[in-house]
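Remarks on the structure that follows.
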Amino acid sequence: MLVFDQDGIIIYANTGAVQLFGAKQKSEIVGVPIRNICCGVDDTVWETCWKDELSFIEKVHTLDDRTIYARMAFSPIEYGDKTAVQVVMLDVTERVHYEEQLKYLAFHDALTGFPNRRLFLDVVRESIEEAKQTNDQLAIVYIDMDHFKEVNDTFGHDMGDQLLKRFAQRVKENIEPNAIPCRMGGDEFLLLLRGVTNDWDIEKKVYKLHQSMQKPFFINGHKIVVTTSIGIAIYPWHGSTAKELILHVDQALYRAKAKRNHYQFYSQEAKQAAK
15 MLVFDQDGII
25 IYANTGAVQL
35 FGAKQKSEIV
45 GVPIRNICCG
55 VDDTVWETCW
65 KDELSFIEKV
75 HTLDDRTIYA
85 RMAFSPIEYG
95 DKTAVQVVML
105 DVTERVHYEE
115 QLKYLAFHDA
125 LTGFPNRRLF
135 LDVVRESIEE
145 AKQTNDQLAI
155 VYIDMDHFKE
165 VNDTFGHDMG
175 DQLLKRFAQR
185 VKENIEPNAI
195 PCRMGGDEFL
205 LLLRGVTNDW
215 DIEKKVYKLH
225 QSMQKPFFIN
235 GHKIVVTTSI
245 GIAIYPWHGS
255 TAKELILHVD
265 QALYRAKAKR
275 NHYQFYSQEA
285 KQAAK
């Protein structure tokens with residue numbers, strides 16, 4: 015608990031406040047401007063707290079160089095026959111981190127850290143809206159690992175998980191910073207290429223990624239060779255919505271998988287082959 019006066023100076027701090035802010039004694043807090051201690055609080059709070067009770071969670075940088083989250087409750091009070099404001103604080107750092115972790119897991123694949131299908135589709139929809147304004151092209155790339163089942167059957171699922179993580183890392187290393195990868199599940203990945211200018215630009219990026227997967231993976235003393243089958247669909251030529259693009263890139267992948275270790279743009283032939 016803290017109490018500060020009309021000049022914004024802390025005039026009272028209990029033992030809990032000393033501990034929360036990482037101070038060694040009360041004199042490090044009492045006599046200090048409240049804004050120095052609660053520096054992340056919005057300016058409007060300092061005006062409103064004299065009239066109304068306020069409660070919110072705020073990030074706090076402590077005196078011993080930690081960052082915590084505290085729930086702060088401001089109340090106008092009488093202290094020593096003078097108007098003051100009392101601040102009651104509770105450290106909720108663990109709860110905030112837990113909620114952030116839950117939110118992260120709701121939109122990301124736990125194994126690779128890539129965005130999951132739910133987040134990826136949201137990003138595709140947003141990117142389509144932006145592309146409409148800029149007349150840019152987008153490409154959706156569907157990547158399927160060839161022979162992944164054989165790795166699982168031969169070496170077990172732990173090795174399979176290690177391969178998926180290494181595979182995802184190689185994808186990340188061979189795409190541009192503005193590309194968005196996604197793990198669909200199993201050994202299937204999606205990739206959003208933004209700001210591409212033409213088919214050749216797209217093919218050049220896909221070719222680089224495809225070639226990178228020709229190199230073997232070395233995991234726990236084993237040499238593992240897997241290749242990739244890749245389907246490609248382009249906005250706006252192969253679909254104007256996320257749903258259409260995903261459908262058509264899946265059809266392109268189906269045709270690529272017929273040959274293995276191959277990439278294929280969406281076409282009417284790909285559509286017929288997938289039926």
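Numbers 15 to 289, taken from the working numbering, label the letters of the sequence shown in order. The beta-carbon is built from N, C-alpha and C at its ideal position, and this holds for glycine as well.
Residue nearest to G30 within the set I23, K40, D21 is K40 (criterion: CA-CA distance). Residue pairing for L16: DSSP places it in a beta bridge opposite A27, V101. Taking 7 Å as the cut-off, the beta carbon of V101 is found closer than this to the beta carbon of M86.
Less than 7 Å separates the beta-carbon of L77 from that of G36.
The region 143 to 154 and the region 236 to 243 do not touch, with fewer than three beta-carbon pairs separated by less than 8 Å.
Nearest to L207 by C-alpha distance, out of D201, G199, N188, is N188. Runs of the beta strand (DSSP E) lying entirely within the region 139 to 223 and spanning at least 3 residues, in chain order: 151 to 159, 194 to 199, 202 to 210. Rounded to the nearest whole angstrom, the C-alpha separation of I82 and L104 is 10 Å. Around G174, the same chain offers F162, V165, N166 as residues with beta carbons nearer than 8 Å, after the five sequence neighbours per side are excluded.
CA-CA distance, E143 to I48, rounds to 45 Å.
In the assembly as shown, F279 is a buried residue. Its beta-carbon has 16 or more other beta-carbons within 10 Å. For V74, the uninterrupted beta strand (DSSP E) run begins and ends at 68 to 75, by DSSP. The closest CA to that of C52, considering only V74, K271, V210, G245, is found on V74. Contact check between the region 250 to 264 and the region 226 to 237: fewer than three CB pairs, one atom from each, fall below 8 Å, which does not count as touching. Following the DSSP letters along the chain, one finds Y277 inside the beta strand (DSSP E) bounded by residues 277 to 279.
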